[in-house]
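In the numbering used here, the protein residues as written are -9 to 1125.
Idealized CB from N, CA, C, for every residue including glycine.
Here is the structure we will look at, set down as structure tokens.
Next up, the structure:
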């Protein structure tokens, strides 16, 4: 097993990309900088955004210039100039205007004054986002500008409004299937039936789709035959089997953990209804009349049936737990043009095997003629009425499960898919480029990566082999005035459908202990039950999952040091998740072992380690321990008894699983916990021990009665499935009245028994009757720019009654954590009395919730939800109440189609970063994009690549570089900017390739610069498309300049002795300029990543490098180090 947490699976293969030059397009924001101090030196800064073009549909914003683009030769290509969108209208004094869209809907906007330019008329509304009920649609207008010198329009260019379509049909709802009726024969294969009833809320409801009854074969074994002849032994009295009275077979039945199983039934496989023996407490059984070579069947509640052939005088059988159905392939959202066909795929596994599949559209069962093979649903000649949500249900003899929903969107033409894709997007300009609004932000536009209909030849049966989404299709160059120089910025003016990234998702993270912070060192990482990686000595891990994965159950095991509890965490992803997802995982430290004796009854209290009264008691019967082979053990036992306590937020947040289960109908439901138990037993030598048979778990019934008026017996015992991360019901609890030993008072206890060896974790929970509801969250930086790829945690809380043993006025009932993007649709459990906390974070960065004015909520919503911001934990406190205007919605469609202006929860990054003029969206240009752009513009962009690769042949191992600055003297208001300048081998020597600016922190600063190293030059390919790129090695020149205080260089280390710098000294000057070698020395810090370029999380990549620089180390160390004075490149003295 490779211990490298950054293990990557598919390095960038640039060669194939060079052969597809005309199929895709990227947009580069080119900034020309002409500093006043150097009038003859032209410097450029590239701001990059990927864009790939196929079908071009213009969505105009605030400009009106036609841009020529290159599209794929074999795909349809539509392009209309911005002037063609509507007729001209001249703006005067701002006037509020009511604009009508469809009957029953209105929207209001304000026209811009004439000094700001002239707007065209509003275009047509896009089609309604819903096929029935209420949805949303959008329309646009453009700015009429005949020349680039015409004034730019200001005001609303896009308008979103609610729209009403036909009333949605209401269907009846099937009740749960009844139990199977008695078989109509006792043997020889018969039939049995079960039924269900269609319940209607009103007489106008439509009939349920599907049949009200089902039948299956039963009692398939042979009938007794007294004429049969026995080859061995003699026929028994009831003519069902041959007996050998001289045979005596000893058998043993073990479970998957090698623990003996009692109460398992043994029968002849041909006569399964006639029990021959039942296993005892040690798992043993005796067969005294079974002949040799006879097949027997072993059955036990909760375990899958097992057959074995008797050979000789002994037989050993190992049984596995029943596996309830689990989805391994979810249907994927699809888009289609009217008249096309579409297929959705669904696959599940389970033990026993899946017996049937059903498909639903918008919650209504579809006729099974549409999916004759069960797991594939095919719709032919689709129309707009086929748009909606589709999901499957997989059924087995022991349960059912629904897949996630897939959205089908059907449009009349390809061009419609991206008509409403345009979105606002701002970039940071350098700090001396202040705009009219007093900020350094500049609107450059962008396109929401909505799925669109691309090349139909790329379709696969279960999902497109290539992903198409709305991307920029046209742009306009703008001139921005700065202090003494100008910038040329490209602004997106249109969106179209093109190929976008659909690579695997990389899940990276770090694992640490809750109380000690120690990392999980050399731990094993399991994904859905299979080992995939090891953590490093720092607790880092990395693995990939296929694009479109919705849920990942990750189990982390401390196999070397045994200090952290083995825990399964459920990572929930969105269908739009891509790139790298970062997880910060905290594990509970294993409790110090206590010593007990195996030959007596042991009662262990749990939940009292924090000074609060115990929540539960675990009672272990005498002589119940067995070793790893299932043999009885007698001696001293070291017991580590652990409880994830709901009275402690930190503790319960580290609990395994998701506090959810799947009910008999296949629906995911929520659980409310009273604590999770994990126990571990070892002998005195540290060898693993297990408990055979059942243990007893007791809980004071007053805890449940105090927490909720529900019947205490509703509390169940649940076991965790490590493969799925879901909880399964494994036992009931009943109320028993006993006398407290100390007070001699009668007390009601909830008492349940369970085989604790079968599951790694036991949960005391009850079904609480919440409804699934939907909401959206956004995270923005201090300049209101959207942030993606963060973690969202929802914490369900309760107010305990006076009897609940807690030092707190509230306690946790469930915790959900998902990986999210801003405005992704999220789900949570809502009810009139439910409330809790919502947190947003990424790695160690906690996002600040908005105050009432910046919360994303209306005054009405703030009041309804009792909205409050809190500091411990940092997040939002809110009721979880649904409303027609959000932020919590009862139905998926209302939440999904609600625009970003509707009620939602907003978080903020909490600090104002200095501008990085090369990377407005946090993701740099990769070599493939640079190559395509170079071929189209005939301008070699290879030298401008910010992140070079270290391996010339394979073009992988990308690097981030930082330089360390230390300051003596005053630092208030001090920051440093670092300009990265092309070197002598670049072909564009002295061109500025980017600017980074960082505030001084704790007497120092770590500032990123463009790494020196190899990069591709595409000049040969521009001249001859058949030629490969040329690999060039260049050293970047950097210029460090202080801002905010008067500073001079007082020490500059050894970099001046580098041969390229000729020993030049900067001592005494305010700026510092050198060429930087491509090696880690002289205060330079370099960190490499070997992931696929588009899979790298560049924010985390840069953060790791910055932490190395702050700590003064050459490899990743602490997660959040403070700045020290170790290993600087330059020292400034400031006053």
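Nearest neighbour of residue i, chosen from the options [CA to CA]
i: residue 124; options: 250, 111, 152, 133; result: 152
i: residue 1132; options: 1074, 712, 596; result: Summary: the structure shown does not reach residue 1132, with the chain confined to residues -9 through 1125, and so no result is reported for it.
i: residue 345; options: 465, 357, 315; result: 315
i: residue 157; options: 1022, 375, 112, 127; result: 375
i: residue 893; options: 884, 882, 875; result: 875
i: residue 580; options: 522, 589, 671; result: 671
i: residue 1127; options: 307, 851, 591, 244; result: Because the chain is modelled from -9 through 1125, residue 1127 falls outside the range shown and cannot be assessed.
i: residue 858; options: 741, 895, 834; result: 895
i: residue 784; options: 462, 237, 632, 562; result: 562
i: residue 1090; options: 118, 573, 355, 564; result: 573
i: residue 618; options: 208, 250, 177; result: 250
i: residue 162; options: 939, 186, 463; result: 186
Local conformation of residue i per DSSP, three classes
i: residue 716; result: coil
i: residue 218; result: coil
i: residue 485; result: strand
i: residue 662; result: strand
i: residue 460; result: strand
i: residue 1191; result: The question about residue 1191 has no answer, for the chain in this structure spans -9 to 1125.
i: residue 232; result: strand
i: residue 312; result: coil
i: residue 737; result: strand
i: residue 558; result: strand
i: residue 1113; result: coil
i: residue 153; result: strand
i: residue 437; result: strand
i: residue 851; result: helix
i: residue 882; result: helix
i: residue 950; result: strand
i: residue 1097; result: helix
i: residue 935; result: coil
i: residue 704; result: helix
i: residue 1192; result: Here the chain has residues from -9 to 1125 only, and residue 1192 is not among them.
i: residue 261; result: coil
i: residue 269; result: coil
i: residue 844; result: helix
i: residue 1103; result: coil
C-beta contact flag for residue i and residue j at 8 Å
i: residue 164; j: residue 213; result: no
i: residue 129; j: residue 115; result: yes
i: residue 472; j: residue 443; result: no
i: residue 183; j: residue 149; result: no
i: residue 1126; j: residue 705; result: With the chain covering only -9 through 1125, there is no way to say anything about residue 1126.
i: residue 652; j: residue 602; result: no
i: residue 397; j: residue 323; result: yes
i: residue 957; j: residue 994; result: yes
i: residue 242; j: residue 306; result: yes
i: residue 681; j: residue 615; result: yes
i: residue 337; j: residue 319; result: yes
i: residue 756; j: residue 662; result: yes
Any C-beta of chain C under 8 Å from that of residue i
i: residue 1019; result: No chain C is present in this structure, which holds just one protein chain.
beta-carbon residue i near the ligand COA non-hydrogen atom, thresh 7 Å
i: residue 666; result: No copy of the ligand COA appears in this structure; indeed no ligand is present at all.
Q.
My parser needs the beta strand (DSSP E) runs of 3 or more residues fully inside the region 155 to 187; what are they?
A. Counting whole runs of 3 or more residues, the region 155 to 187 contains the beta strand (DSSP E) stretches 180 to 185.
(Q) Would you call the region 1099 to 1109 in contact with the region 1012 to 1031, where contact means no fewer than 3 C-beta pairs closer than 8 Å? (A) no
Q) How do the region 505 to 518 and the region 539 to 553 stand: do at least 3 beta-carbon pairs fall below 8 Å, yes or no? A) yes
Q.
With a threshold of 8 Å, are at least 3 pairs of Cβ atoms found where one atom belongs to the region 963 to 970 and the other to the region 871 to 887?
A. no
**Q.** contact_flag[the region 402 to 421, the region 353 to 360] where n(CB pairs < 8 Å) is 3 or more
**A.** no
Q: Could you pull out every unbroken alpha helix (DSSP H) segment of at least 4 residues lying fully inside the region 344 to 420, listed in chain order?
A: none
Q: Evaluate the contact criterion for the region 231 to 248 versus the region 271 to 282: three or more CB pairs, one atom per stretch, below 8 Å.
A: yes
Q. Which runs of the beta strand (DSSP E) fall wholly inside the region 1006 to 1079 and span at least 3 residues, in chain order?
A. 1020 to 1024, 1027 to 1033, 1037 to 1041, 1062 to 1065, 1074 to 1079
**Q.** Within the region 625 to 664, ranges of the beta strand (DSSP E) (whole runs, at least 3 residues)
**A.** 626 to 634, 650 to 652
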